[in-house]
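Chains as they are written, first to last, in my numbering: chain A, 23 to 495; chain B, 26 to 664. Below: one structure, written as structure tokens.
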Amino acid sequence: MSLDNFLMMRHELVLTLAFLIILVAEVFTGEKKKEKFRGFAVVLFAVVTAIGMLPAPEGTLFGGMYQAGRTTTLMKNILNIGTLIVLIQSFTWLGRPENRDRIHEYFMLLISTLLGMYFMISAGHFLMFYIGIELATIPLAALAAFERYKNRSAEAGIKLILSSSLSSGILLYGLSMIYGTVGSLYFADIAARPSTAALTILGFIFFFSGMGFKMSLVPFHLWTADVYEGAPVSIAAYLSVISKGAAAFIFIIILYNVFPVIIDTWQKVIWVIAVMTITIGNLFALRQKNMKRFLAFSSIAQAGFFLLGFIGGSKLGMTTVIYYALIYIFTNLAAFGIVSIIAEKTGKESMDDYDGLYRTNPKLSLTMMLAMFSLAGIPPVAGFFGKFFLFAAAAEKGFYVLVAIAVLNTIVALYYYLLVVKAMFINKSENPITYFKSDFMSKLGLAICIAGIVVTGFASGLFEMIRNLSYGI
Amino acid sequence: MADFGYTVWILIVPFVTFIVLGLFGMKLKARISGLTGTLGLAIVTVLSYATAFRYFLGAGLADGIYQKIIAFNSTWLTLTDRLHIDMGVLLDPISVMMLVVISTVSFMVHIYSLGYMKGEKGFERYYSFLSLFTFSMMGLVVATNIFQMYIFWELVGISSYLLIGFYYSRPSAVAASKKAFIVTRFADMGFLIGILILSFTTKTFDFVTLTDLNGPAITSTGGAVFLGMSVMTWSMILIFVGGAGKSAMFPLHIWLPDAMEGPTPVSALIHAATMVVAGVYLVARMFPVYYFAAPEALQIIAWVGAFSSLFAAVIATTQTDIKRVLAYSTISQIGYMIFSLGVSGYGGPEGLGFMASNWHLFNHAMFKALLFLGAGSVIHAVHSNYMTEMGGLRKHLPITNITFLIACLTIAGLFPLSGFFSKDEILTAAFHHDKVLFAIEYLVAGLTAFYMFRLYFSIFHGHDRQYDHTPHESPATMTVPLIILAIGSVFSGLLPFNRLVTSDGAPFESHIEWSVAGPSLIIALTGIAIAWVMYRKENTLPDRLASTFKHSYKWAYNKFYIDELYLFITKKIIFRRISQPVAWFDRHIVDGTMNGIAWVTQTVSNRIKGLQSGQLQQYGFVFVTGAVALVLFFIYLIK
Numbered sequence: 023m024s025l026d027n028f029l030m031m032r033h034e035l036v037l038t039l040a041f042l043i044i045l046v047a048e049v050f051t052g053e054k055k056k057e058k059f060r061g062f063a064v065v066l067f068a069v070v071t072a073i074g075m076l077p078a079p080e081g082t083l084f085g086g087m088y089q090a091g092r093t094t095t096l097m098k099n100i101l102n103i104g105t106l107i108v109l110i111q112s113f114t115w116l117g118r119p120e121n122r123d124r125i126h127e128y129f130m131l132l133i134s135t136l137l138g139m140y141f142m143i144s145a146g147h148f149l150m151f152y153i154g155i156e157l158a159t160i161p162l163a164a165l166a167a168f169e170r171y172k173n174r175s176a177e178a179g180i181k182l183i184l185s186s187s188l189s190s191g192i193l194l195y196g197l198s199m200i201y202g203t204v205g206s207l208y209f210a211d212i213a214a215r216p217s218t219a220a221l222t223i224l225g226f227i228f229f230f231s232g233m234g235f236k237m238s239l240v241p242f243h244l245w246t247a248d249v250y251e252g253a254p255v256s257i258a259a260y261l262s263v264i265s266k267g268a269a270a271f272i273f274i275i276i277l278y279n280v281f282p283v284i285i286d287t288w289q290k291v292i293w294v295i296a297v298m299t300i301t302i303g304n305l306f307a308l309r310q311k312n313m314k315r316f317l318a319f320s321s322i323a324q325a326g327f328f329l330l331g332f333i334g335g336s337k338l339g340m341t342t343v344i345y346y347a348l349i350y351i352f353t354n355l356a357a358f359g360i361v362s363i364i365a366e367k368t369g370k371e372s373m374d375d376y377d378g379l380y381r382t383n384p385k386l387s388l389t390m391m392l393a394m395f396s397l398a399g400i401p402p403v404a405g406f407f408g409k410f411f412l413f414a415a416a417a418e419k420g421f422y423v424l425v426a427i428a429v430l431n432t433i434v435a436l437y438y439y440l441l442v443v444k445a446m447f448i449n450k451s452e453n454p455i456t457y458f459k460s461d462f463m464s465k466l467g468l469a470i471c472i473a474g475i476v477v478t479g480f481a482s483g484l485f486e487m488i489r490n491l492s493y494g495i
Numbered sequence: 026m027a028d029f030g031y032t033v034w035i036l037i038v039p040f041v042t043f044i045v046l047g048l049f050g051m052k053l054k055a056r057i058s059g060l061t062g063t064l065g066l067a068i069v070t071v072l073s074y075a076t077a078f079r080y081f082l083g084a085g086l087a088d089g090i091y092q093k094i095i096a097f098n099s100t101w102l103t104l105t106d107r108l109h110i111d112m113g114v115l116l117d118p119i120s121v122m123m124l125v126v127i128s129t130v131s132f133m134v135h136i137y138s139l140g141y142m143k144g145e146k147g148f149e150r151y152y153s154f155l156s157l158f159t160f161s162m163m164g165l166v167v168a169t170n171i172f173q174m175y176i177f178w179e180l181v182g183i184s185s186y187l188l189i190g191f192y193y194s195r196p197s198a199v200a201a202s203k204k205a206f207i208v209t210r211f212a213d214m215g216f217l218i219g220i221l222i223l224s225f226t227t228k229t230f231d232f233v234t235l236t237d238l239n240g241p242a243i244t245s246t247g248g249a250v251f252l253g254m255s256v257m258t259w260s261m262i263l264i265f266v267g268g269a270g271k272s273a274m275f276p277l278h279i280w281l282p283d284a285m286e287g288p289t290p291v292s293a294l295i296h297a298a299t300m301v302v303a304g305v306y307l308v309a310r311m312f313p314v315y316y317f318a319a320p321e322a323l324q325i326i327a328w329v330g331a332f333s334s335l336f337a338a339v340i341a342t343t344q345t346d347i348k349r350v351l352a353y354s355t356i357s358q359i360g361y362m363i364f365s366l367g368v369s370g371y372g373g374p375e376g377l378g379f380m381a382s383n384w385h386l387f388n389h390a391m392f393k394a395l396l397f398l399g400a401g402s403v404i405h406a407v408h409s410n411y412m413t414e415m416g417g418l419r420k421h422l423p424i425t426n427i428t429f430l431i432a433c434l435t436i437a438g439l440f441p442l443s444g445f446f447s448k449d450e451i452l453t454a455a456f457h458h459d460k461v462l463f464a465i466e467y468l469v470a471g472l473t474a475f476y477m478f479r480l481y482f483s484i485f486h487g488h489d490r491q492y493d494h495t496p497h498e499s500p501a502t503m504t505v506p507l508i509i510l511a512i513g514s515v516f517s518g519l520l521p522f523n524r525l526v527t528s529d530g531a532p533f534e535s536h537i538e539w540s541v542a543g544p545s546l547i548i549a550l551t552g553i554a555i556a557w558v559m560y561r562k563e564n565t566l567p568d569r570l571a572s573t574f575k576h577s578y579k580w581a582y583n584k585f586y587i588d589e590l591y592l593f594i595t596k597k598i599i600f601r602r603i604s605q606p607v608a609w610f611d612r613h614i615v616d617g618t619m620n621g622i623a624w625v626t627q628t629v630s631n632r633i634k635g636l637q638s639g640q641l642q643q644y645g646f647v648f649v650t651g652a653v654a655l656v657l658f659f660i661y662l663i664k
């Protein structure tokens with residue numbers, strides 16, 4: 023392999039290297055130094071992120087099994103940034119006595135899942151894709167069960183692993199049907215030999231259900247709330263943002279590159295699933311009192327909004343999906359970051375506990391308000407621009423009814439996002455959460471998110487850049 | 026072409042001072058925040074003057090014509106390939122001239138306020154708002170496209186609202202700020218609709234494209250005809266409605282006199298020299314479109330301007346609150362400028378009205394800011410707004426007296442002060458266009474001289490009133506800006522506007538037309554003479570006149586009951602006849618529907634909660650059933 027080949031795979035190679043460094047470091051780290059290792063690992067990951075930004079050639083490797091282009095590089099960089107924020111936010115939680123001896127484990131598992139996602143994004147063959155999806159899922163189940171002494175965490179782990187094995191099974195079944203009709207699992211071959219046979223559609227929908235599981239689309243979403251609630255907050259955040267964002271990226275790549283021929287079919291499937299996902303996600307989010315469950319259902323509804331970018335099959339569609347994912351990373355991580363800080367300091371996770379938060383912790387409340395406004399899509403924060411472009415992408419291809427339904431749903435969504443704001447600013451409480459000072463890493467994590475929420479919407483250059491790297495069918 | 030990229034700092038600097046003073050002003054000493062704001066403005070002023078010198082002395086010229094230069098541009102929102110919202114800096118003669126006007130007056134007001142607002146609660150808030158205003162106003166004038174202009178237009182409205190309501194503990198100030206905001210906002214709705222129609226017809230927001238003589242706006246046939254006028258004309262009329270709201274033209278003028286509740290330097294900056302001329306600037310900016318594509322709209326503009334100038338001048342003769350006299354005088358003078366654009370042609374000597382309007386705008390900014398700041402100095406000395414409580418102040422306030430007199434002579438249009446030149450050009454343009462309008466403006470010139478000297482004599486002549494303490498001259502921070510502005514008022518008439526600011530960018534020859542200027546001088550002198558007789562020394566003549574023309578005096582004193590008319594229309598007709606039924610409809614039908622939807626949502630949400638049981642086997646069941654259902658649906662039904 024030449025240097026170019028190494029550079030092409032630098033995301034995966036550097037992550038593997040980081041994994042090995044942490045593995046070896048565990049052996050040499052004494053009991054007392056384990057706590058300090060957190061800082062080293064975060065810095066290590068920051069270096070990984072920086073290396074990912076380096077310019078590199080495009081091309082394919084391993085006879086077409088692996089492909090790297092400017093779009094995939096962009097996607098991986100976005101995921102890297104998001105993961106870095108997650109790691110910064112989990113810093114305090116990792117410092118707890120019961121987690122200290124497993125800090126290395128946490129980083130290794132997280133890095134493996136990210137590696138799996140990268141292989142999925144760069145796959146040029148469904149087998150490679152499948153290996154990626156397993157690598158991305160199985161360590162996540164272990165992470166969800168990270169606080170295994172807690173029943174809920176263990177439950178989250180087992181639910182995730184069982185649900186995902188079911189979804190993998192169906193996905194593999196679908197892939198076998200596609201292989202049956204086309205005779206190859208290379209993306210290029212499938213795209214080159216168009217088939218609209220019923221068997222292909224059957225295979226596609228089974229494949230779709232597997233992706234629907236990863237993105238938690240209705241009706242493949244039922245695991246989401248239970249897992250988010252039970253898993254540690256940082257893992258829930260990771261699931262809702264990175265794992266979901268990666269799934270959205272992979273899905274759009276495969277739809278555009280592998281299934282352009284049956285676009286009529288998948289547009290209809292996506293239409294139905296989008297309406298169901300947004301509506302049902304909203305209906306469930308309305309009634310949640312636990313903040314983590316609330317964010318779980320809100321993230322289901324948000325996944326439905328992503329589908330509006332998919333449906334047109336246009337360049338603008340891909341642009342908006344990537345752009346929205348970036349905004350969504352900052353926004354949702356800000357929300358999860360605050361839930362995490364409060365859970366860490368007080369152990370409270372219910373929305374009622376947030377009553378009167380503004381009086382005691384004004385800065386946290388304002389940040390949460392910003393995040394909620396961005397999730398609801400209120401101008402001028404970034405979420406508004408994200409939704410605006412998603413709707414524009416769907417409307418551009420004439421899906422007016424879908425856009426209308428989505429707009430109506432944003433009103434319902436606005437209601438429940440404002441419930442949180444109302445709790446913090448208007449409701450009064452007998453015993454509100456008392457004032458506390460956050461540590462540096464928590465503040466840093468939130469500061470990055472706030473900057474992202476405020477700047478991303480106005481930085482038109484960013485949107486243009488993503489647009490130049492995107493493509494349509 | 027020369028590089029003007031640095032002009033973007035004219036926007037950045039005041040914005041940064043706004044943020045700094047807004048967020049951290051509370052922690053700074055009042056003096057420091059005032060000086061920070063003033064220093065920021067000093068930088069802006071230097072940059073603006075440098076730009077003006079470079080632009081007018083050659084850098085803006087190409088083939089003897091002043092070019093439109095895009096000094097900075099950044100695309101913000103892309104709607105379609107042709108329709109996108111940009112943020113940028115456009116330099117052309119009128120925007121560069123406005124840079125000079127805004128920075129000069131704003132800088133003077135910043136210095137003046139150091140003395141005037143000293144010791145006020147919220148000093149740093151005041152300066153942060155001033156910075157916000159300067160930022161918005163600069164953004165408005167350098168806008169490269171009509172949408173950017175609209176955004177800054179609204180920002181200007183907000184800063185005006187904040188500054189009028191600066192003394193928010195006074196109910197009258199709060200009411201005035203709300204009135205100003207609602208009235209201008211109402212007009213801005215017309216502006217927005219106009220922009221939407223215009224961009225729909227021309228498929229562009231960009232000023233350079235819009236005003237291009239071969240561009241889509243001017244060459245288009247104007248689109249479909251609606252109520253006898255083309256869609257293009259309608260859009261331009263609606264855009265002018267926005268301008269009329271900001272520039273307080275009849276019948277949208279009612280907010281401006283009340284806006285005098287704000288601090289006096291604010292009145293000088295926003296409600297005399299800069300923001301209220303935004304409407305004039307808007308029409309000037311879009312002038313080629315008005316002239317070529319919407320001549321009917323231009324006709325309306327001329328009449329609105331002429332009527333407003335007369336109407337306001339009549340009211341000004343009867344008011345006793347000195348700031349209100351100046352407010353009506355402002356409406357009257359802006360009426361002049363708007364009128365002058367309305368009677369102008371395009372290109373060369375034809376565009377005399379265009380040039381005169383901008384010239385008058387420039388001169389007016391100087392002398393009206395001077396008048397307001399002088400009035401502020403008087404109010405500062407006697408703690409009253411009413412001329413009935415003033416008199417004989419020339420002994421106590423010598424500098425204010427002289428500068429105020431200069432300003433009064435300038436606005437009256439006496440040779441060789443600046444007001445004479447621009448007013449003469451306006452009258453000449455009117456003379457060649459329409460004799461009726463010309464006659465109206467002649468009358469207004471006389472009225473202007475009369476009410477200004479009524480004001481001057483009542484304040485500075487006559488005998489002393491019973492003052493709480495002996496009035497004394499204001500500190501140097503206040504008198505120095507007065508002197509500087511007085512010098513500006515005297516000499517700005519010597520600027521060669523006919524070479525610099527013209528409708529098509531090309532210089533043309535113009536000279537004083539004594540056949541017009543001579544009679545106008547006589548009329549002005551007559552007005553001054555009448556004021557001399559009536560108000561120089563106290564006598565009973567004004568009262569006797571008032572009782573002779575009792576009814577007309579009362580009408581004018583009560584501002585022709587326009588405010589009452591508005592109240593009648595809004596309270597009696599709109600609220601009772603329209604709003605109440607609509608409110609009923611809203612409360613019962615609309616809210617009922619919404620509550621119904623909410624009820625359905627909640628009920629459905631309750632019903633389907635069983636789906637989320639926590640049972641993993643059920644999750645698996647739903648998963649597989651969902652997938653199979655989709656398959657069956659798509660293979661057998663849709664296909």
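All residues carry an ideal CB built from backbone N, CA and C; glycine is no exception. Note that the coordinates shown come from a computational prediction; the quantities given were computed from them, not determined experimentally.
1. In the structure shown, what three-state DSSP assignment does A:V49 receive?
2. Starting from B:D111, trace the beta strand (DSSP E) in both directions and tell me its first and last residue.
3. Between A:A270 and chain B, is the shortest Cβ-Cβ distance under 9 Å, so that the two count as touching?
4. Name the chain A residues whose beta carbon is nearer than 7 Å to that of B:A652?
5. From the DSSP output, in three-state form, read off A:V69 for me.
6. Using the DSSP secondary-structure output, state which residues sit across from B:D489 in a beta bridge.
7. With a cut-off of 8 Å, do at least 3 Cβ pairs link the stretch 445 to 464 of chain A to the stretch 399 to 413 of chain A?
8. Does any residue of chain A bring its CB to less than 9 Å from the CB of B:L221?
9. Who are the neighbours of A:P241 on chain B, taking C-beta pairs under 7 Å?
10. Distance check for A:A356 and A:E366, CA to CA, integer angstroms please.
11. If you measure beta-carbon to beta-carbon, which residues of the stretch 189 to 215 of chain A are closer than 8 Å to chain B?
12. Tell me B:V250's beta-bridge partners as DSSP assigns them.
13. So B:T345 and B:I127 are in contact, right, with Cβ under 8 Å, and what is the actual spacing, rounded?
14. Mind checking whether B:S334 and B:K393 have CB atoms under 9 Å apart?
15. When burial is assigned at 16 or more other CB atoms within 10 Å of the CB, is B:L238 buried or exposed?
16. For B:Y192, name the three-state secondary structure that DSSP assigns.
17. Kindly list, in the order they appear in chain B, the residues whose Cβ is closer than 9 Å to that of A:F306.
18. If you reduce the DSSP assignment to three classes, tell me which class A:Q111 lands in.
19. If we call anything under 9 Å between Cβ atoms a contact, is B:F659 one with A:I192?
20. In this structure, does DSSP put A:H147 in helix, strand or coil?
21. Looking only at its chain, what residues have a beta carbon closer than 8 Å to the beta carbon of B:F317, apart from the 5 residues adjacent to it on each side?
22. Give me the Cα-Cα distance between B:F40 and B:I136, rounded to the nearest whole angstrom.
If we stick to the structure as given:
1. Looking at A:V49 - three-state DSSP - the assignment turns out to be helix.
2. Where B:D111 is concerned, the enclosing beta strand (DSSP E) stretches over 109 to 116.
3. No, A:A270 lies away from the interface with chain B (no Cβ there is under 9 Å from its Cβ).
4. Correct list: I192, I227, F228, S231.
5. Note: A:V69 maps to helix in three-state DSSP.
6. For B:D489, DSSP assigns no beta-bridge partner whatsoever.
7. By the Cβ criterion, the stretch 445 to 464 of chain A is not in contact with the stretch 399 to 413 of chain A, since fewer than three pairs of Cβ atoms, one from each stretch, lie closer than 8 Å.
8. At a cut-off of 9 Å between beta-carbon atoms, B:L221 makes no contact with chain A.
9. Think of a sphere of 7 Å around the beta carbon of A:P241: the chain B residues whose beta carbon falls inside it are V647, F648, G651, in chain order.
10. Distance between the alpha carbons of A:E366 and A:A356 is about 15 Å.
11. Residues of the stretch 189 to 215 of chain A with a C-beta atom less than 8 Å from some C-beta of chain B are S189, I192, listed in chain order.
12. Paired residues: B:S255.
13. Contact doesn't hold; Cβ gap of about 31 Å is too wide.
14. Against a cut-off of 9 Å, the Cβ pair of B:K393 and B:S334 comes out as no contact.
15. Label assigned to B:L238: exposed.
16. Looking at B:Y192 - three-state DSSP - the assignment turns out to be coil, as it is neither helix nor strand.
17. Result: S630, I633, K634, L636, Q637.
18. A:Q111: helix per DSSP, three-state reduction.
19. 9 Å or more divides the Cβ of B:F659 from the Cβ of A:I192.
20. Here A:H147 sits in strand by DSSP.
21. Same-chain partners within the cutoff: L238, I243, Y371.
22. Using only the alpha carbons, I get a separation of about 19 Å.
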